[in-house]
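Asker: With full-length UniProt numbering as the guide, the letters of the sequence shown map in order to residues 1 to 138. Glycine is no exception: its CB is placed at the ideal position from the N, C-alpha and C atoms.
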Amino acid sequence: VASLQQRVREEQGLALDPFESSGVLDGRELKELMLRKYGVCYDMNFKCVSLPLKRVLSLNVMWSYMGQKSFPLSESEYEMKLDGIAQMVRQLNRESVVREFFAKEPKAERGLPAYPNVGTAVIIRFPDLDDAIINEYF
Numbered sequence: 001v002a003s004l005q006q007r008v009r010e011e012q013g014l015a016l017d018p019f020e021s022s023g024v025l026d027g028r029e030l031k032e033l034m035l036r037k038y039g040v041c042y043d044m045n046f047k048c049v050s051l052p053l054k055r056v057l058s059l060n061v062m063w064s065y066m067g068q069k070s071f072p073l074s075e076s077e078y079e080m081k082l083d084g085i086a087q088m089v090r091q092l093n094r095e096s097v098v099r100e101f102f103a104k105e106p107k108a109e110r111g112l113p114a115y116p117n118v119g120t121a122v123i124i125r126f127p128d129l130d131d132a133i134i135n136e137y138f
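1. On the CB-based measure, 16 or more other CB atoms within 10 Å of its CB, does A86 come out buried or exposed?
2. With 16 other CB atoms within 10 Å as the buried threshold, where does L53 fall?
3. With DSSP run on the structure shown, which of helix, strand or coil describes N135?
4. Is it buried or exposed, R94, if we count other Cβ atoms within 10 angstroms and call 16 or more buried?
5. What does the Cβ neighbour count give for G23, buried or exposed, with the cut at 16 atoms within 10 Å?
6. Closest by CA to G119, which one among A108, W63, S76?
7. Who pairs with N60 in a beta bridge, going by DSSP?
8. Who are the Cβ neighbours of D17 in its own chain at under 6 Å, not counting the five residues just before and after it?
9. For G111, is the classification buried or exposed, using 16 other Cβ atoms within 10 angstroms of its Cβ as the cut-off for buried?
10. Using a threshold of 8 Å, state whether the C-beta atoms of K81 and N60 are closer than that.
11. Output the boundary residues of the alpha helix (DSSP H) element that contains M34.
12. Start and end of the alpha helix (DSSP H) containing A114?
13. Please tell me whether F101 and I133 are closer than 8 Å, where the distance is taken between their beta carbons.
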C-alpha cells in the first residue's frame, strides 16, 4: 500500500514539501495535506482518552478513505467534515502541530503503523492541552 501511495503522490506531483498556506487551516488545506502525505483522502476523527490524572486529545487519521466502496460520505460531506475538523484544530490553536505532522514522511511510531490500516489509526497527538480546554470541547 505504501509504495502505491508513494507512486500516486509522484504521478500527481504531490511532494511532501512544507505546505505553503495562507495561515488559516481550513478543510481544503487539510485535504491537500492528506493527499500529499498519503495519496488518498482518509477519514479523520478526534479521540479523547481519560487517563488517571489527565485527559489526552488526539486527531486520528482513520483507515477508511474517500473512493472506497464502503466510505459513508460523499465528497461534499467529506469536505464539510474536514472544515469542521480544521475549525476545531484552529480553536485549539494546534494548526502548527497538524501541519508539521503532514509535512513528515509516513513513519511507524510507538507501535503504530506509518499508514492507517483496518482497525488501527495513525494518531496526531495533542499532549500539552490543558484538561479545562479538553473538557470545554469534549
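Answerer: So, to answer that:
1. With 16 or more other Cβ atoms from the protein chains shown falling within 10 Å of its own Cβ, A86 counts as buried.
2. Taking all protein chains in view, the Cβ of L53 is surrounded by fewer than 16 other Cβ atoms within 10 Å, so the residue is classified as exposed.
3. It is helical.
4. Buried: at least 16 other Cβ atoms inside 10 Å.
5. Label assigned to G23: exposed.
6. Among A108, W63, S76, the Cα nearest to that of G119 belongs to W63.
7. Beta-bridge pairing links N60 to N45, I123.
8. Confidence in D17 is poor, its pLDDT being 49 and thus under 50, which makes the residue's placement unreliable; the coordinate value appears in the next sentence. Answer for D17: no residue qualifies.
9. Using a 10 angstroms sphere on the CB of G111, the tally of other CB atoms stays under 16, which defines it as exposed.
10. Against a cut-off of 8 Å, the Cβ pair of N60 and K81 comes out as no contact.
11. Its alpha helix (DSSP H) spans residues 27 to 38.
12. Per DSSP, A114 belongs to no alpha helix (DSSP H) and is neither H nor E.
13. No, these two residues do not count as a Cβ contact at 8 Å.
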